[in-house]
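Chemist: Let me begin by handing over the structure; questions about it come next.
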Amino acid sequence: MKKEDLRIIYMGTPEFAVESLKALVENDFNVVAVVTMPDKPIGRGHKVQSSPVKEYAVAQKIPVLQPERLKDESFLAELRSFNADLQIVVAFRMLPEVVWAMPRLGTFNLHASLLPQYRGAAPINWAIINGETKTGVTTFFLQHEIDTGNIILQESVAILPEENVGNLHDKLMHIGAKSVVRTVEIILSEKVNAIPQQEDEELKLAPKIFKDTCRINWEKSGESIHNFVRGLSPYPAAWCELLQDNSDAVVLKVFETKFEKISHQMPLKSILTDGKSYLKVAVNDGFLHLKTIQIQGKKRMNVSDFLMGFRTINSCKIV
RNA sequence: CGCGGGAUAGAGCAGUUGGUAGCUUGCUAGGCUCAUAACCUAGAGGUCGGAGGUUCAAGUCCUUCUCCCGCAA
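So the first sequence is numbered by the numbering used here: it starts at 7 and just counts up by one.
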């Protein structure tokens with residue numbers, strides 16, 4: 007089968023999905039349509055914005071579908087009319103069977119973990135939060151249970167000790183794009199050998215992250231708080247509250263920390279600072295240095311800049 | 001028109017009932033010290049986000065615009 011004869015429909019929404027689409031387009035694969043989230047009023051001021059995938063598709067003059075509901079007959083009819091051989095899903099949402107079973111060669115997904123580990127919406131975050139030293143990307147054919155399909159291709163990546171979600175996300179995005187291209191080539195060669203997932207080990211999950219999930223629990227060990235912070239940095243960011251004398255608590259986001267393991271007598275959550283170069287918080291097994299933080303209503307800044315202007319830090323409490 | 005905070009020296013901030021702009025740091029030069037993210041002295045650096053208005057006088061009060069941030073999605 008010729009490359010041009012393989013009609014591909016691509017589904018995805020955020021920036022992470024653009025890279026793979028771009029790789030397909032630049033490798034001259036025949037992407038006949040793109041499915042993405044409807045334009046929504048989003049962000050500050052509720053301005054209507056289109057998804058990154060849509061913007062790229064429009065620039066490439068690829069037809070874009072933005073269904074409100076994936077089971078709508080009008081959408082399904084439109085989808086059928088493209089007569090695709092293969093569908094590719096990257097960071098989209100759960101698909102009904104009527105959609106993923108439609109194409110002749112099936113539908114595959116790129117997932118940012120080494121399946122079966124970290125099934126779910128936030129695999130990159132959870133891998134870091136749990137202190138993993140490696141993760142990866144997996145392509146697999148969709149089947150009923152989410153993220154459980156037969157694996158086509160898997161590639162692992164080291165997680166560096168100080169790496170945060172931002173870095174790892176970008177790294178996986180690029181490796182993922184290559185994996186997607188390679189996966190399509192394999193399918194094109196008709197030598198696919200998709201193997202079922204081996205669920206021998208204990209499975210770790212990667213559920214969607216909400217704001218409440220991001221609150222720092224100071225009871226935990228310094229190491230795990232450190233991992234928690236980098237696993238949520240730069241987005242959605244770990245946070246705690248800073249309580250100032252006779253005023254309300256303000257949210258303090260923490261983007262970068264360094265753990266100093268040492269035994270001490272300070273009460274939990276004590277603030278230690280020289281008002282100039284460092285700011286550390288007492289935890290059970292040492293001190294957690296806050297390196298990059300953002301207080302509500304201000305910009306993100308490194309701790310020395312923060313201390314320069316925030317002179318009342320010593321009368322504050324961490325909650 | 002979703003709610004709220006903000007814009008003042010390179011950076012981070014303060015600025016009272018309107019009265020000619022300060023703090024910390026950084027920068028430059030000099031001094032001091034066995035030594036330090038050390039200390040001392042001097043200096044440069046501002047159209048107080050933009051535009052209008054009120055006033056003898058506006059960083060401060062009023063109107064409007066731009067940009068940034070938090071919440072919410």
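In this text, a Cβ means the ideal position worked out from N, Cα and C, and glycines have one as well.
Is it right to say Tyr241 is buried, meaning 16 or more other beta carbons lie within 10 angstroms of its own, or is it exposed?
Modeler: exposed
Chemist: Would you mind listing the alpha helix (DSSP H) stretches within the region 10-71 that are 4+ residues and don't spill past its ends, in chain order?
Modeler: 21-32 and 58-65
Chemist: If you drop the 5 nearest sequence neighbours on each side, which residues of the same chain put their C-beta closer than 8 Å to that of Thr113?
Modeler: Leu92, Gln93, Ile94, Val95, Leu101, Val105, Trp106, Ala107, Phe147 and Leu148
Chemist: DSSP three-state call for Val257: helix, strand or coil?
Modeler: strand
Chemist: Relative to the C-alpha of Phe22, which residue among Leu178, Gly137 and Glu207 is closest?
Modeler: Leu178
Chemist: Ignoring anything shorter than 3 residues, give me the beta strand (DSSP E) runs that lie fully in the region 131-208, in order along the chain.
Modeler: 140-147 and 157-164
Chemist: Rounded C-beta distance between Phe293 and Glu266? I'm assuming under 8 Å.
Modeler: 5 Å
Chemist: For my contact list, Ile157 and Ala127 are in at a C-beta cut-off of 8 Å; report their separation, rounded to the angstrom.
Modeler: Not quite, the Cβ-Cβ distance comes to about 19 Å (not below 8 Å), so this is no contact.
Chemist: Indicate the three-state DSSP secondary structure (helix, strand or coil) for Trp106 in the structure shown.
Modeler: Three-state DSSP puts Trp106 in a helix.
Chemist: Of the choices Cys322, Lys297, Ile324 and Lys323, whose alpha-carbon is the least far from that of Phe312?
Modeler: Lys297
Chemist: Do you know offhand how far Asn223's Cα is from Ile319's?
Modeler: 21 Å
Chemist: For Thr139, count the other beta carbons within 10 Å of its own beta carbon; 16 or more makes it buried, fewer makes it exposed. Which is it?
Modeler: exposed
Chemist: Starting from Phe216, trace the alpha helix (DSSP H) both ways and give me its first and last residue.
Modeler: Taken as a continuous stretch (DSSP letters only), Phe216 belongs to no alpha helix (DSSP H), as it is neither H nor E.
Chemist: May I ask which residues mark the beginning and end of the alpha helix (DSSP H) holding Gly315?
Modeler: Val309 to Gly315
Chemist: Does the Cβ-Cβ distance between Val59 and Asp45 come in under 8 Å?
Modeler: In this structure, Val59 lies away from Asp45, with their beta-carbon atoms at least 8 Å apart.
Chemist: Going by the CB atoms, is the gap between Ile215 and Lys275 shorter than 8 Å?
Modeler: Taking 8 Å as the Cβ cut-off, Lys275 and Ile215 do not qualify as a contacting pair.
Chemist: What does a CB cutoff of less than 8 Å around Pro122 pick up in its chain, not counting 5 residues either side in sequence?
Modeler: So the qualifying residues of the chain are Asp153, Thr154, Gln203, Gln204, Glu205 and Leu209.
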